[in-house]
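In the UniProt record's numbering, the protein residues as written are 1 to 98.
Here's what the structure looks like:
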């Protein structure tokens with residue numbers, strides 16, 4: 001369950017994504033769990049990822065924004081293993097660098 005601070009912050013970030021989405025990215029929280037977001041990254045034109053779509057999850061801890069989210073890329077791409085957290089440690093980003 002999300003803390004009050006996490007729920008408020010994630011609601012604000014979801015509203016910003018809806019209002020002004022970044023290019024090549026779509027991300028939304030699950031309706032039944034604000035701590036789990038799903039995203040699709042589209043490969044930008046002129047890159048080796050052009051035409052690709054990469055689906056994944058952002059897994060926010062209940063004490064977000066004071067601890068970093070975990071990231072799982074679900075689309076097999078040859079770069080990331082599906083269904084495993086990436087970046088920093090086996091559990092996600094290093095809290096020291098967050």
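Glycine included, each C-beta is placed from N, C-alpha and C at the ideal position.
Given the structure is predicted, the values throughout are model-derived calculations rather than measurements.
Mapping the DSSP letters down to three states, classify residue i as helix, strand or coil.
i: residue 27; result: strand
i: residue 53; result: strand
i: residue 162; result: With the chain covering 1 to 98 only, the question about residue 162 has no answer from this structure.
Would residue i be called buried (16 or more neighbouring beta carbons within 10 Å of its own) or exposed?
i: residue 51; result: exposed
i: residue 85; result: buried
i: residue 66; result: exposed
i: residue 11; result: exposed
i: residue 46; result: exposed
i: residue 29; result: buried
i: residue 76; result: exposed
With DSSP as the reference, identify every bridge partner of residue i, one or two as the case may be.
i: residue 85; result: 72
i: residue 36; result: 59
CB residue i to CB residue j, shorter than 8 Å?
i: residue 5; j: residue 34; result: no
i: residue 15; j: residue 62; result: no
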